[in-house]
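Below you'll find the structure, written out as structure tokens, and then a few comments.
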Amino acid sequence: MCGIVGYVGTKSAQEVVVDGLRRLEYRGYDSAGVALVADGAIASAKKAGKLANLENELAALPLPASGTGIGHTRWATHGAPNDINAHPHVSRSGRVALVHNGIIENFAALRTELEADGLTMTSETDTEVVAQLLGREVDGGADIAEALRTVCRRLEGAFTIVAVDAQAPGRVVAARRNSPLVVGLGEGENFLGSDVAAFISHTREAVELGQDQMVEITADDWQVTDFDGNPATTKRYHVDWDLSAAQKDGFDWFMRKEIHEQPRALADTLLGRYAEDGSLTLDEIRIAVSELRSIQRIVIIGCGTAHYAGMVAKYAIEHWTRIPCEVELASEFRYRDPIVGPQTLVVAISQSGETADTLMAIRYAQEQGSKVLAICNTNGSTIPRESNAVIYTHAGPEIGVASTKGFLTQVLACYLLGLYLAQVKNTKFGDEIAAVMSELESMPDKVQQVLDAQQQVLGLAAEFSDNPSVLFLGRHAGYPVALEGALKLKELAYIHAEGFAAGELKHGPIAVIDQDLPVFVVVPPRGRDMLHDKTVSNIQEIRARGARTIVLAEADDQTVAPYADVLIGLPKVSTLLQPLVATVPLQIFACELATVKGHDVDQPRNLAKSVTVE
Ligand code: F6R
61 MCGIVGYVGT
71 KSAQEVVVDG
81 LRRLEYRGYD
91 SAGVALVADG
101 AIASAKKAGK
111 LANLENELAA
121 LPLPASGTGI
131 GHTRWATHGA
141 PNDINAHPHV
151 SRSGRVALVH
161 NGIIENFAAL
171 RTELEADGLT
181 MTSETDTEVV
191 AQLLGREVDG
201 GADIAEALRT
211 VCRRLEGAFT
221 IVAVDAQAPG
231 RVVAARRNSP
241 LVVGLGEGEN
251 FLGSDVAAFI
261 SHTREAVELG
271 QDQMVEITAD
281 DWQVTDFDGN
291 PATTKRYHVD
301 WDLSAAQKDG
311 FDWFMRKEIH
321 EQPRALADTL
331 LGRYAEDGSL
341 TLDEIRIAVS
351 ELRSIQRIVI
361 IGCGTAHYAG
371 MVAKYAIEHW
381 TRIPCEVELA
391 SEFRYRDPIV
401 GPQTLVVAIS
411 QSGETADTLM
421 AIRYAQEQGS
431 KVLAICNTNG
441 STIPRESNAV
451 IYTHAGPEIG
461 VASTKGFLTQ
471 VLACYLLGLY
481 LAQVKNTKFG
491 DEIAAVMSEL
501 ESMPDKVQQV
511 LDAQQQVLGL
521 AAEFSDNPSV
531 LFLGRHAGYP
541 VALEGALKLK
551 ELAYIHAEGF
561 AAGELKHGPI
571 AVIDQDLPVF
581 VVVPPRGRDM
591 LHDKTVSNIQ
601 EIRARGARTI
611 VLAEADDQTV
621 APYADVLIGL
631 PKVSTLLQPL
641 VATVPLQIFA
651 CELATVKGHD
661 VDQPRNLAKS
671 VTVE
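Using my numbering, the letters of the sequence shown correspond one by one to residues 61 to 674.
Right, dumping it as structure tokens:
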């Protein structure tokens with residue numbers, strides 16, 4: 061939520077910052093702004109709406125040349141998305157400008173204090189309070205870095221703050237708590253960003269900042285301290301993807317490109333998972349084997365699509381390991397006083413590694429003595445850094461707001477974890493694990509087959525563009541696939557969509573079925589006859605009530621064909637792995653339906669990638 065950029069160097073700060081904002085716009089697009097230090101003053105511009113509005117403004121009224129600047133693209137929390145509430149916010153004297161991501165929880169008290177001091181706020185934001193506090197410190201004689209430390213010690217909540225002082229050209233200061241910030245290291249220039257996409261066109265050398273740390277960058281130097289000014293330890297890393305991965309490559313949407321990248325993302329996530337003796341190895345797992353053997357329970361947490369990935373994984377993990385596995389919304393977890401302890405492994409799934417609900421949940425779990433294993437796609441992000449172990453999904457940057465390759469690789473990483481635990485706990489023989497691994501290795505090709513046959517799904521989207529509601533049904537591992545299909549449609553096409561367990565149909569949802577309702581049904585492979593046959597019965601029940609049935613089943617499944625208005629053929633896979641192929645047509649359908657409806661697929665309304673506030 062909110063994208064932040066900072067730059068010091070010899071290039072045009074305006075160009076570097078706006079370029080960075082373009083790559084971070086997926087984090088929020090309610091408004092955008094930039095502030096530069098030029099000729100002993102702050103020069104700034106900000107505009108409500110997408111970045112293009114700011115770019116038009118800057119084209120008409122360019123800011124003075126400068127090598128020091130900050131920028132922001134906003135997802136509104138406090139105050140409407142208008143020009144006044146847009147960042148940067150400038151202190152009353154005009155000396156300090158800052159941008160902020162997060163929520164200052166004690167902002168009301170701070171605002172009252174500032175108002176008592178004679179300051180009138182011009183915006184409705186919590187951010188302006190920080191700008192005025194910082195301005196007051198600097199006007200009182202404090203150095204900008206010292207002033208930021210002083211202010212941060214008073215703030216409660218979540219924040220990344222990046223600030224400049226008109227009288228300190230060539231310096232940008234920043235601080236973070238519960239909100240992301242990375243430093244990019246260039247030659248004679250340095251960068252700040254909410255994530256590395258902000259500066260990937262300039263450098264792939266990055267530094268992660270820890271909790272309650274502050275950084276000051278100049279063109280040639282960078283210094284990290286805690287909020288008391290003590291030097292802090294940091295981790296430097298090389299980003300393993302480049303600019304081309306963050307571009308659309310001829311696709312109309314990042315989402316469509318990311319759907320097509322899934323075979324490669326799966327293949328990359330599978331790389332390097334074998335030890336020399338042929339056993340499965342997960343190098344990043346830093347939890348001792350003896351501890352893993354003592355695990356009595358697994359709790360998977362995540363939000364949205366990541367939560368559904370956990371729901372898919374539960375079936376496989378329990379089946380392979382016989383360890384009871386629960387799946388819970390991270391946003392609910394810590395508020396219900398959950399029973400977790402040293403013998404519970406908490407698995408936190410997060411593409412971004414920054415989702416605030418998930419982050420708070422893992423901290424809670426650790427306080428209760430649980431070990432936390434993160435499944436994450438973003439190197440250097442907070443959730444893997446604070447976890448005891450991590451399995452990275454190697455999907456590359458996911459820029460479309462709706463998660464696609466993130467989901468598939470999360471499911472795959474969970475499978476790897478399940479197989480690894482089965483190996484450690486001896487609940488599966490080596491050859492059984494090898495057989496599943498071999499099937500997993502065939503999945504990139506099978507997903508490619510689904511992509512190659514997408515024309516039928518693309519056609520469906522045009523046909524259903526006026527439908528106000530769509531239902532998705534599935535059983536077993538197909539149930540979370542149905543939930544994911546419905547979520548994709550809601551967030552992209554803005555229509556009512558619901559996912560249900562097919563077995564629940566007769567317990568209520570069947571009442572909504574009539575001839576106007578399209579119903580997608582995910583049919584399990586025929587290997588598990590009972591599951592398969594019961595789902596086919598459900599389809600007959602739906603058909604009997606006049607609904608149109610769009611059935612996702614094995615391509616040669618003749619038993620289902622008579623009841624399907626449309627049969628979307630899937631490759632043959634085992635039941636537990638079917639979500640990897642069955643989800644893909646639903647992603648394509650949602651992407652295409654939103655395109656047909658003229659929506660912005662990559663930046664759906666009201667949403668932002670990376671939800672860094674609770
Ligand atoms: C839906 C979607 C969201 C995210 C959720 C968690 O398409 O993208 O539901 O899955 O916000 O995000 P991460 O995985 O970054 O924690």
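Built from N, CA and C at the ideal position, the CB exists for glycine as well.
Any heavy atom of the ligand F6R closer than 7 Å to the Cβ of E551?
yes
Below 8 Å on the Cβ atoms is my guess for L533 versus A521; work out the distance and round it to an integer in Å.
That pair is no contact at about 19 Å.
Inter-residue spacing [alpha-carbon to alpha-carbon] between V233 and I345:
35 Å
Whose C-alpha, out of S339, V484, T415 and Y452, is nearest the C-alpha of S254?
T415
For L531, the residue or residues it bridges with in DSSP:
E558 and V579
Name the DSSP beta bridge partners of K106, please?
G93
Taking the Cβ atom as the reference point for each residue, do L241 and L269 lie within a distance shorter than 8 Å?
yes
Using 7 Å as the cut-off, classify the Cβ of T453 as near or not near the heavy atoms of the ligand F6R, replying yes or no.
no
Using 7 Å as the cut-off, classify the Cβ of T172 as near or not near the heavy atoms of the ligand F6R, replying yes or no.
no
For Q411, is the beta carbon positioned less than 7 Å from some heavy atom of the ligand F6R?
yes
G127 to F314 span [Cα, whole Å]
31 Å
Would V583 pass as a contact of V596 if the rule is Cβ separation under 8 Å?
yes
Quick one: what's got a C-beta closer than 7 Å to E197's C-beta in the same chain, skipping five residues either side?
A207, T210 and V211
Decide yes or no for the touch test of the segment 618-625 against the segment 558-577: beta carbon pairs closer than 8 Å, at least 3 of them.
no
What first and last residue would you give for the alpha helix (DSSP H) that runs through S597?
D589 to A604
For Q283, which residues does DSSP report across the bridge?
E276
I think V673 touches I163, with their Cβ atoms under 8 Å apart; what is that distance to the nearest whole Å?
5 Å
Where the beta strand (DSSP E) through Y67 begins and ends:
G63 to V68
Give me the Cβ distance between G456 and A305, rounded to the nearest whole Å; I'm assuming they're in contact under 8 Å.
5 Å
Between the Cα of P639 and those of V372, L352, I260 and I347, spot the shortest distance and give me the residue it belongs to.
V372
Quick check on V77: does DSSP put it in helix, strand or coil?
helix
Quick one: give me the first and last residue of the alpha helix (DSSP H) that V198 is part of.
T187 to D199
In this structure, how does DSSP classify H147 when only helix, strand and coil are distinguished?
coil
State the start and end residues of the unbroken alpha helix (DSSP H) segment that holds S410.
Looking at the DSSP string, S410 is not in any alpha helix (DSSP H); the run it does join, the beta strand (DSSP E), is T404 to S410.
According to DSSP, simplified to helix, strand and coil, what is I443?
helix
Which residue or residues does DSSP assign as beta-bridge partners of N250?
V68 and L245
Go to V517, then tell me how far its alpha helix (DSSP H) extends in each direction, as first and last residue.
Q515 to E523
By the 10 Å Cβ neighbour count, where 16 or more other Cβ atoms means buried, how is A348 classified, buried or exposed?
exposed
Looking at the structure shown, is F467 part of a helix, part of a strand, or coil, going by DSSP?
helix
Ends of the alpha helix (DSSP H) at G370?
G364 to T381
How long is the line joining the alpha carbons of I260 and L646, rounded to whole angstroms?
31 Å
Any heavy atom of the ligand ZN closer than 7 Å to the beta-carbon of G364?
Only the ligand F6R can be found as ligands here, which leaves the ligand ZN out of the picture.
For a quick check, are the C-beta atoms of R87 and K506 less than 8 Å apart?
no
So, V572 versus T609, is the Cβ gap smaller than 8 Å?
no
Would a C-beta distance cut-off of 8 Å place I130 and P148 closer than the cut-off?
yes
In its own chain, which residues sit with a C-beta less than 7 Å from the C-beta of T619, not counting the 5 before and 5 after it?
V596
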